[in-house]
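Quick notes on the structure that follows.
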Amino acid sequence: MRILTGIQPTNNLHIGNLFGALIPATKLQEEHELFMMVADYHAITTLKDPKRLTENTLFTAAAYLSAGIDPARTTLFVQSSVAAHTELAWILQTIARMGEANRMTQFKDKSQTGAEKAPVGLFTYPMLMAADILLYGTEGVPVGEDQKQHVELTRDLAERFNRDFGETFLIPEPIIQSNGARIKSLTEPEKKMSKSAPSAKSYILLTDEEDMLAKKIRGAVTDSEREITLDDERKGLLNLITIFSLCTEYTKEEVSERYQHSGMKVFKDDLVMALNQYLAPIRMNMQEYSDDRAGLLEVLQTGNEAAEMIANQYLKTTRERIGILRP
Ligand code: AMP
Ligand code: TRP
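Residue numbers for the sequence shown follow this note's numbering, so the first one is 222 and each next one is one higher.
Right, dumping it as structure tokens:
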């Protein structure tokens, strides 16, 4: 099965990206053909800093490799290097309906300051994401819960295209983790962990060192109950138990049973230790990959070429199906 996913190089990565998308992808590459993309054209809908875009693009690629993406078996590439993405995105914009695009909750969230001032690209963003997916005959898309709606839109667009112009695209499925698909903010546990949150205390970055982890976990909002229990209503605690289980071999049930009577302090201290042990090797790899800029560029160039070959094939068929003349 062909799998594709991407992360926007808007900033440093946090553990929501790691557990929601990156780790699932590293597991999927064992048995499937994986395409792993740095979604830089998506990032420019919000990031307007050229230097940071360049650096973050390299950094995101380094994070993929550090978390275990293996370029010998996976195609690691940069979205903007494959021109077919923006071309197919345009075609899909002529297929998608205003009403459909209007229902995307991410646009509503991200344009909170007012749709009037939001970039048009933020509105058409899901059609670019659909193009990313459809250009590779992708069947599975590992993403966090927040991206599910975009994958569903992709399915609808592919089905409509196939119906109107003939079988062209495979219909992709979102692959959502049962545990880790929605890591919550440490300070506002009813919201998802997000890089764009105003407070750095709300997220844990892949590069956070142990003392920073300790500060953030100790400051994480829980509640005043003494016992550690698994309870959907105790959102802050549930989030910490989820993180604990994701960076150890334990299930959430095992974590809560083990710490039931130990008190919040011991629980949090052990979580810091477990999380640090989990992140330390990734952090170290990240340093090494980031230092080797030439090596990173080489990996991306190879990936870009491989991706382009496949994407161009799909684009060619698509253009033919809709009657584009190439004299
Ligand atoms: P983004 O940073 O928006 O490009 O997201 C990259 C990937 O990480 C997508 O698959 C998201 O669904 C996933 N993701 C982002 N935030 C979270 C979160 N808080 N919990 C789980 N997955 C997340
Ligand atoms: N929109 C995704 C996000 O913000 C990133 C992304 C872009 C993506 N293209 C994709 C994810 C294709 C999966 C498949 O998280």
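Heads up, the beta-carbon is just placed ideally off N, CA and C, and yes, glycines get one too.
As the structure is a computational prediction, the values presented were derived from the model and not from experiment.
Using 8 Å for Cβ pairs, my map puts residue i next to residue j. What's the rounded Cβ distance?
i: P245; j: P410; result: Going by Cβ atoms, the distance from P245 to P410 rounds to 22 Å, so no, they are not a contact pair.
i: L225; j: L313; result: That belief does not hold up - the Cβ atoms of L225 and L313 are roughly 16 Å apart, past 8 Å.
i: A495; j: T523; result: No, A495 and T523 are not in contact; Cβ-Cβ is about 36 Å, not under 8 Å.
i: F256; j: T281; result: Not really, about 15 Å apart at Cβ, beyond 8 Å.
i: I624; j: I462; result: As displayed, the chain neither begins before 222 nor continues past 548, which places residue 624 out of reach and without an answer.
i: N460; j: K405; result: 4 Å
i: T408; j: S420; result: 6 Å
i: D353; j: G227; result: 6 Å
Using a 10 Å radius around the Cβ and a threshold of 16 neighbouring Cβ atoms, would you call residue i buried or exposed?
i: E502; result: A small fix is needed here, since residue 502 is Pro in this sequence, not Glu. Classification for P502: exposed.
i: N232; result: buried
i: L580; result: This structure gives no information on residue 580, because the portion of the chain shown stretches from 222 to 548.
i: P271; result: exposed
i: T326; result: exposed
i: V303; result: buried
i: M530; result: exposed
i: V487; result: exposed
i: M507; result: buried
i: V299; result: buried
i: I545; result: exposed
i: M319; result: exposed
i: K489; result: buried
i: R447; result: exposed
i: D385; result: exposed
i: A336; result: exposed
How big is the Cα-Cα spacing for residue i and residue j?
i: R540; j: G387; result: 12 Å
i: E431; j: T472; result: 23 Å
i: I425; j: R547; result: 50 Å
i: D367; j: V442; result: 22 Å
i: L458; j: T389; result: 47 Å
i: T538; j: K436; result: 54 Å
i: V520; j: S483; result: 47 Å
i: Y510; j: R504; result: 10 Å
i: H371; j: A351; result: 7 Å
i: L374; j: P395; result: 11 Å
i: A310; j: A532; result: 12 Å
i: L249; j: N238; result: 16 Å
i: N283; j: E474; result: The question names Asn, but residue 283 in the sequence shown is Ala. Roughly 34 Å separates the two Cα atoms.
i: R542; j: E308; result: 14 Å
i: D512; j: L279; result: 10 Å
i: G401; j: E478; result: 19 Å
i: N323; j: K369; result: 16 Å
i: R455; j: D491; result: 19 Å
i: Y499; j: D452; result: 25 Å
i: S423; j: R403; result: 14 Å
i: E526; j: E321; result: 33 Å
i: H263; j: Y480; result: 42 Å
i: A260; j: K338; result: 23 Å
i: T345; j: T315; result: 11 Å
Apart from the five residues just before and just after residue i, which ones in its own chain have a Cβ nearer than 7 Å to its Cβ?
i: N497; result: E431, L434
i: A317; result: M348, L378
i: N554; result: Nothing in the structure corresponds to residue 554, since the chain is present only between 222 and 548.
i: E380; result: I392
i: P340; result: T266
Shortest alpha-carbon distance to residue i belongs to which of the options?
i: S582; options: I396, G365, R455; result: Nothing can be reported for residue 582, as the shown portion of the chain is limited to 222 through 548.
i: R294; options: L492, T450, E251; result: E251
i: Y585; options: P393, Y480, T428; result: Residue 585 lies beyond the residue range present for the chain, which begins at 222 and ends at 548; the question has no answer from this structure.
i: T165; options: N400, P230, L234; result: The structure shown has nothing for residue 165, since the chain only spans 222 to 548.
i: T267; options: I290, K331, A322, G320; result: K331
i: F328; options: R514, D385, D490, L343; result: L343
i: S399; options: G227, F240, I228; result: F240
i: V476; options: Y262, K456, T450; result: T450
i: S301; options: K422, M258, T334, S466; result: M258
Is any heavy atom of the ligand NAD found at a distance shorter than 7 Å from the C-beta of residue i?
i: D367; result: This structure lacks the ligand NAD; the ligands present are the ligand AMP and the ligand TRP.
Going along the chain, which residues of its own chain have a beta-carbon closer than 6 Å to the beta-carbon of residue i, five neighbours each way excluded?
i: M222; result: H253, E360, G361
i: L243; result: A288
i: L274; result: L268
i: A305; result: L356, A532, N533, L536
i: N277; result: P230
i: P292; result: V520
i: L286; result: Y510
i: R376; result: I392
i: L467; result: F240, G401
Taking 8 Å as the limit between beta carbons, can you name the residues of its chain near residue i, skipping five residues before and five after?
i: V493; result: E431, L434, A435, I438, R439
i: I265; result: L274, G342
i: S445; result: none
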